[in-house]
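In our numbering, the protein residues as written are 545 to 726. Data first, discussion second: the structure below is written as C-alpha cells.
Here it is, written out as C-alpha cells:
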C-alpha cells in the first residue's frame, strides 16, 4: 500500500489560498497537489496522474507548500539555469570589449586569439566550441566573405576581359600524362 501524504491543516489552508489566487497553471497544480490527497484521499501517484505530472513533481510541490507554512521557503530554485558557466554574462561582455572595438573598426576577427585569451582568463583548458557559443550568445555571427576583393580595380578587370584572347591555344607536345588504374 502506498504511503499516505503527510498534510497538515495549515498546509491545506495555504494550498486553498494558493488555488484561489493562482495566476499560472503551475501555481494551480501546486495547490491541488496538497488539496487532492487531503480532501479526496488520493495517493501521490493518483494525484500525479490526475494533474499530469510525475510523483517526484507532486512531492516537490508539497514540499514547497510545507516550507511556506514553516517559514523556511527557499528563495531560489536549485534546478535549471547555467550551472556550468565559466563566467557570468556580464563578465563575458567585459571579456569581449577589446574585440568589439576592433570589430567596429572593420577588422576581421578570428577565433584562435580569443580562445587563447579565454584560456588565460579562466585558467584552464577550454574547447574551441566554447568560444563559438560565447560569441553566439552575445549576438556575434560569422559573415561570409564578399564575392569580390574590396581593393579590386574594376576598370583593369574589364580591360583584361576585352583584350584577352577568346580561346587559349594548346601548347604543342605538352599533353598531360594519362594514368591507368589496374
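Cβ atoms here follow ideal geometry from the backbone N, Cα and C, with glycine treated the same way.
- For residue 583, the three-state secondary structure derived from DSSP is helix.
- Residue 556 and residue 601 have their C-alpha atoms spaced approximately 18 Å apart.
- Here DSSP, grouped into helix, strand and coil, assigns residue 668 to coil.
- Below 8 Å, too few C-beta pairs join the segment 659-671 and the segment 687-705 to call them touching: fewer than three.
- With fewer than 16 neighbouring CB atoms inside 10 Å of its own CB, residue 629 falls in the exposed class.
- Remark: C-beta atoms of residue 578 and residue 550 do not approach each other more closely than 8 Å.
- Boundaries of the alpha helix (DSSP H) harbouring residue 592: 588-595, taken from the DSSP string.
- Residue state for residue 645 is assigned as helix, using DSSP reduced to three classes.
- In the three-state scheme derived from DSSP, where H, G and I count as helix and E and B as strand, residue 687 is classed as coil.
- Take the alpha-carbon of residue 631 and the one of residue 686: they are about 23 Å apart.
- In the three-state scheme derived from DSSP, where H, G and I count as helix and E and B as strand, residue 652 is classed as coil.
- Note that the C-beta distance between residue 644 and residue 672 is not below 8 Å.
- The residue among 690, 561 and 623 with its C-alpha nearest the C-alpha of residue 612 is 561.
- If you ignore the 5 residues before and after residue 574, its C-beta comes within less than 7 Å of the C-beta of 562, 605, 608 and 609, all in its own chain and listed in chain order.
- For residue 703, the enclosing alpha helix (DSSP H) stretches over residues 698-707.
- Within the same chain, no Cβ atom closer than 6 Å to the Cβ of residue 680 is found once the five residues on either side in sequence are excluded.
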